[in-house]
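Colleague: Quick note: the sequence shown, position 98, residue 98 per the numbering used here, numbers continuous.
For glycine and all other residues, C-beta sits at the position ideal for the given N, C-alpha and C.
Below are the structure tokens for one structure; questions will follow.
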Amino acid sequence: MWKGVIPAVTTKFLENGGLDNDENVRCWGLQMDAGCDGLIVCGSLGEGPMLTLSEKIELLKTARSVSNGKPVLMTVAAASTAESCEIAKAAAKAGADGLMVVPSLIYHTNRQETLDSMRAVAAAGDLPVMIYSNRVAYKVDITPDIMEELAEDSRFVAIKESSDDIRRTSEIFSRLGDRYAVLTGVDNLAFEALSVGAVGWVAGLVVAFPKETVAIYQLLQQGRTQEALAIYRWFRPLLDLDVSSYLVQNIKLAEVMAIGSNDRVRAPRQPLAGEERARVEKIISQALATRPALPSLS
């Protein structure tokens with residue numbers, strides 16, 4: 001159902017802290033212009049847990065206005081199952097094409113709790129669901145075992161695989177065949193995951209470098225592995241910025257330098273400063289100075 005490059009977009013804020021819808025439209029439009037295959041709003045990179053439900057729905061509607069009919073998914077990530085179900089219902093009513101669902105952000109669910117919560121959210125939204133498997137960030141491991149049980153419900157259609165272990169991607173295919181569309185969610189494992197069968201890339205640095213991200217994916221689909229690898233090797237220092245507690249600040253700074261946006265974040269986050277800002281700026285500046293010419297994809 002879902003494949004290709006699907007950005008997990010950042011959320012742009014005004015100086016007063018409100019949503020900057022004009023800048024969201026501009027930045028997300030760049031993703032569509034570059035050939036991305038959909039949008040995911042209100043995820044970790046989108047500062048979803050810092051947003052009210054009404055803001056989430058506003059962002060969803062904004063994304064739908066620029067997506068050119070491509071799928072727009074709402075991230076469902078809350079402390080309680082009840083709140084997650086509320087988000088899922090509201091997203092469905094507002095026209096989401098699907099949900100990306102995370103277990104509780106606060107409580108680390110056991111196996112049965114994970115199954116029951118995921119099923120409840122899927123039933124509440126009654127939309128196609130991408131399972132977000134990220135044991136590193138969220139401390140709950142949605143294992144292939146759990147995926148197999150969830151497969152009984154046809155609403156579970158895809159997996160964002162973010163375990164940080166490339167062996168997990170192969171394990172899912174060995175265990176479940178093509179039951180799920182498997183997309184990689186770790187920027188600096190994307191080439192590896194796509195090479196072993198992942199059909200898509202839920203990407204982060206794409207928001208600052210959309211054309212390069214799309215080029216890597218499309219070149220791999222065309223079997224032009226060495227061309228894709230050359231771009232990926234250039235991209236790697238940037239992609240490493242996604243694997244950090246400061247991924248939001250890192251990637252928003254990349255947007256400042258690459259597409260002329262801003263790096264406002266919602267408290268308690270603050271933009272990078274001092275030595276850490278200088279370190280990240282150096283990485284981005286080096287990448288911009290050595291940006292490769294992209295081959296024709298036709």
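Is it true that the CB of V76 sits closer than 8 Å to the CB of S84?
Modeller: Their beta carbons are under 8 Å apart, which means S84 touches V76 by this criterion.
Colleague: Please name the residue or residues paired with E161 in a DSSP beta bridge.
Modeller: Beta-bridge pairing links E161 to S133, T184.
Colleague: Where does V199 sit, in a helix, a strand or coil, going by DSSP?
Modeller: The answer is coil: DSSP assigns V199 none of H, G, I, E or B.
Colleague: Smallest Cα separation from G304: which of E23, K282, P7, S170?
Modeller: Residue 304 is absent from the model: the chain starts at 1 and stops at 298.
Colleague: Report yes or no: do three or more beta-carbon pairs, one from the region 253-268 and one from the region 14-30, lie closer than 8 Å?
Modeller: The answer is yes - the region 14-30 touches the region 253-268, with three or more Cβ pairs under 8 Å.
Colleague: Determine, for Y217, whether the minimum Cβ-Cβ distance to residues of chain C falls below 8 Å.
Modeller: The chain inventory of the structure shown lacks chain C, comprising one protein chain alone.
Colleague: Could you check the C-alpha separation between P210 and L176 for me, to the nearest Å?
Modeller: About 31 Å.
Colleague: Ends of the alpha helix (DSSP H) at I284?
Modeller: Counting along the chain, the alpha helix (DSSP H) containing I284 begins and ends at 274-289.
Colleague: Are the beta-carbon atoms belonging to D97 and L73 less than 8 Å from one another?
Modeller: The answer is yes: Cβ separation under 8 Å.
Colleague: Could you tell me which whole alpha helix (DSSP H) segments of length 4 or greater appear in the region 74-136?
Modeller: Runs found: 81-93, 111-125.
Colleague: Label E152 either buried or exposed according to how many other C-beta atoms from any shown protein chain fall within 10 Å of its C-beta, with 16 as the threshold for buried.
Modeller: Its Cβ having fewer than 16 others within 10 Å, E152 is exposed.
Colleague: I'd like to check one pair, L150 with G125: are the Cβ atoms closer than 8 Å?
Modeller: Against a cut-off of 8 Å, the Cβ pair of L150 and G125 comes out as no contact.
Colleague: Give me the Cα-Cα distance between S44 and V248, rounded to the nearest whole angstrom.
Modeller: Each residue's alpha carbon lies about 8 Å from the other.
Colleague: Does DSSP put P71 in a helix, a strand or coil?
Modeller: Reduced to three states, the DSSP call for P71 is coil.
Colleague: Ignore the nearest five residues each way along the sequence and tell me which others in Y180's own chain have a CB closer than 8 Å to its CB.
Modeller: Result list for Y180: I131, M147, A151, F156, V157, A158, I159, I172, in chain order.
Colleague: Does the count of Cβ pairs from the region 223-237 and the region 277-293 closer than 8 Å reach three?
Modeller: Yes: at least three Cβ pairs fall under 8 Å.
Colleague: Put I216 into one of helix, strand or coil per three-state DSSP.
Modeller: Of the three classes helix, strand and coil, the one that applies to I216 here is helix, per DSSP.
Colleague: Mark G48 as exposed unless 16 or more other C-beta atoms lie within 10 angstroms of its C-beta, in which case mark it buried.
Modeller: Buried.
Colleague: At what residues does the alpha helix (DSSP H) containing P144 begin and finish?
Modeller: Per DSSP, P144 belongs to the alpha helix (DSSP H) from 144-150.
Colleague: Using DSSP with H/G/I as helix, E/B as strand and the rest coil, what is G46?
Modeller: DSSP places G46 in coil when its eight states are reduced to three.
Colleague: Quick one: residues in its chain with C-beta nearer than 8 Å to the C-beta of L294, no 5 flanking neighbours on either side, listed in chain order?
Modeller: The answer, listed in chain order, is K211, E212, A215, I231.
Colleague: Buried or exposed: which applies to S245, given that a residue is buried once 16 or more other Cβ atoms fall within 10 Å of its Cβ?
Modeller: S245 should be labelled exposed.
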